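Numbering (the numbering used here), first residue to last: 2 to 416.
Inspection log for the structure reproduced underneath, given as structure tokens.
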RNA sequence: GUGGGCGUAGCUCAACUGGUUAGAGCACUGGACUGUGGCUCCAGUGGUUGGGGGUUCAAGUCCCCUCGCUCACCCCA
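Written as structure tokens, this is what we have:
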């Protein structure tokens with residue numbers, strides 16, 4: 002029979018790795034909560050149009066990477082390629098701006114993009130993201146970066162560099178774009194093929210081209226920070242002051258531009274030196290115009306998202322404790338199995354972690370399994386025990402064992 | 001979408017220029033130890049060599065096709 006395999010670019014997170022995921026997500030939730038964020042659970046499917054309007058119709062994500070299908074009522078549905086658009090949609094749809102003066106929200110879940118898989122890139126990938134609505138002040142930018150910094154620290158992840166930049170606002174970005182165009186117009190032939198295309202579509206992206214020649218060339222190009230309007234410059238400087246005050250190390254990367262259309266002002270990335278080509282672990286920025294563009298009230302906002310798989314691959318999971326059962330019930334013979342079964346039911350009702358070997362194998366083989374599962378204690382129920390109305394309780398670590406009356410077992414561990 | 005690398009047991013890998021029945025370690029199961037785990041020793045289970053076709057007396061090995069994995073480009077978390 003033909004084997005059915007998982008879909009390309011989609012992977013199973015097996016129990017060992019899932020424990021690391023749980024650990025990371027728990028840490029993230031705790032830190033988000035201390036910063037006053039609440040979880041929002043958003044759907045995996047959305048009207049496709051939401052992403053056309055937020056991410057931008059000409060971005061690769063929308064043009065060729067989005068999973069879309071037509072529903073039975075002929076509406077175009079998309080599997081979400083990112084989380085921000087959904088959170089913004091929800092924020093508007095439920096008038097969260099009315100319910101609360103500001104909102105701090107986070108989400109954890111899978112995203113979908115039909116790209117060619119490679120290291121750190123999957124077709125179904127998980128993001129941990131957060132958004133803040135209703136604050137324009139640069140201190141919230143810094144606070145958010147500080148939160149991420151703390152999260153990475155608490156996970157003992159080192160070697161990350163925080164890069165920041167300001168990509169301006171609708172007032173000043175057009176001038177910068179023009180200046181870039183002017184600069185590259187005379188050197189079009191020197192640019193790589195891709196950048197010649199970028200020149201037309203989005204000249205900002207020439208700045209982060211990996212080709213060494215384009216890279217060198219754009220070193221001479223106009224700098225985004227030189228073209229910021231007064232407001233943008235003040236904002237950017239204040240973000241830096243606040244980062245210093247919070248003790249968050251950073252570098253300015255004037256080549257940092259974001260791929261999604263909706264960003265304004267602050268843009269940032271946490272970059273790792275040890276991840277391969279896809280080295281951005283977390284990225285985000287401010288998007289002060291998006292809420293309004295999607296039909297909501299004019300609301301400043303900022304957000305980020307973390308690539309879960311990339312974060313996991315930097316995470317050393319060896320200190321994470323494996324889950325092992327407290328009790329392992331070994332039953333020898335059918336009668337003992339029945340006793341054991343009723344015992345384990347009582348234990349479970351008391352919330353005591355216990356597993357039972359239903360194999361009816363030899364004591365030796367059941368003991369081996371108890372060891373394999375790393376159980377703290379083993380309860381042995383055999384003929385001798387049955388006759389005496391006791392169970393043998395063995396401490397696996399100390400290799401000591403005592404007989405305990407059957408009726409006292411639950412009480413012994415129950416408290 | 002484009003390009004490179006790689007597919008042998010559950011995992012990591014062997015198999016000289018094509019040459020007997022494709023091996024080893026780990027893991028798994030059992031035994032030595034008839035009711036006591038880890039260590040040791042012994043034995044056993046496990047393979048359509050990713051799949052299909054071709055060349056040859058003979059293919060894991062050579063050729064073609066195909067599928068899958070992987071890395072990179074594009075793009076992005």
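Glycine is no exception: its CB is placed at the ideal position from the N, C-alpha and C atoms.
Note that the coordinates shown come from a computational prediction; the quantities given were computed from them, not determined experimentally.
Cβ shell of residue i (< 6 Å), same chain only, five flanking positions each side left out
i	result
residue 13	none
residue 318	21
residue 301	137, 289
residue 381	331, 393
residue 24	321
residue 239	139
residue 214	none
Among the options, nearest to residue i - alpha-carbon criterion
i	options	result
residue 364	331, 259, 113, 209	331
residue 204	250, 230, 176	176
residue 392	200, 341, 184, 298	341
residue 64	116, 298, 409, 228	116
residue 250	184, 299, 146, 309	146
residue 45	199, 85, 118	85
residue 292	266, 158, 54	54
residue 336	361, 258, 75, 193	361
residue 81	101, 112, 71, 100	112
residue 352	154, 411, 296	411
residue 295	88, 8, 162, 74	88
residue 59	186, 261, 373	261
residue 237	191, 121, 287, 30	287
residue 379	385, 356, 243	356
residue 164	281, 316, 108, 74	281
residue 62	310, 305, 259	259
residue 386	338, 349, 279	338
Buried versus exposed call for residue i [16 or more other C-beta atoms within 10 Å across all chains shown]
i	result
residue 235	exposed
residue 223	buried
residue 199	buried
residue 264	buried
residue 150	buried
residue 408	exposed
residue 371	buried
residue 75	exposed
Alpha-carbon to alpha-carbon, residue j and residue i
i	j	result
residue 289	residue 133	11 Å
residue 307	residue 41	16 Å
residue 413	residue 19	32 Å
residue 274	residue 148	21 Å
residue 92	residue 98	7 Å
residue 367	residue 95	56 Å
residue 255	residue 241	14 Å
residue 248	residue 271	16 Å
residue 129	residue 347	39 Å
residue 17	residue 226	46 Å
residue 208	residue 276	22 Å
residue 6	residue 15	15 Å
residue 389	residue 383	10 Å
residue 312	residue 161	11 Å
residue 401	residue 9	51 Å
residue 284	residue 186	30 Å
residue 354	residue 415	11 Å
residue 333	residue 323	28 Å
residue 405	residue 36	49 Å
residue 114	residue 52	12 Å
residue 297	residue 202	28 Å
residue 373	residue 350	25 Å
Strand pairing of residue i, partner residues [DSSP]
i	result
residue 108	130
residue 96	Paired residues: none, contrary to the question.
residue 269	165, 285
residue 358	331
residue 252	164
residue 379	329, 395
residue 306	130, 284
residue 221	None; residue 221 has no bridge partner.
residue 78	48, 70
residue 178	Answer is none; residue 178 lacks a bridge partner.
residue 406	391
8 Å CB neighbourhood of residue i in its chain, flanking five on each side removed
i	result
residue 11	123, 124, 125
residue 377	325, 326, 327, 328, 396, 397, 398
residue 403	393, 394
residue 49	67, 69, 77, 78, 79
residue 103	133, 134, 135, 136
residue 121	276, 277, 278, 279, 280, 308, 310, 311, 314
Sequence-distant residues of its chain with Cβ nearer than 7 Å to residue i (five each side left out)
i	result
residue 228	169, 173, 176, 177, 180
residue 166	225, 253, 254, 255, 257, 268
residue 184	222, 223
residue 142	240, 267, 287, 303
heavy atom of the ligand SAH below 8 Å from residue i C-beta
i	result
residue 134	The ligand SAH is not part of the structure shown, which contains no ligands of any sort.
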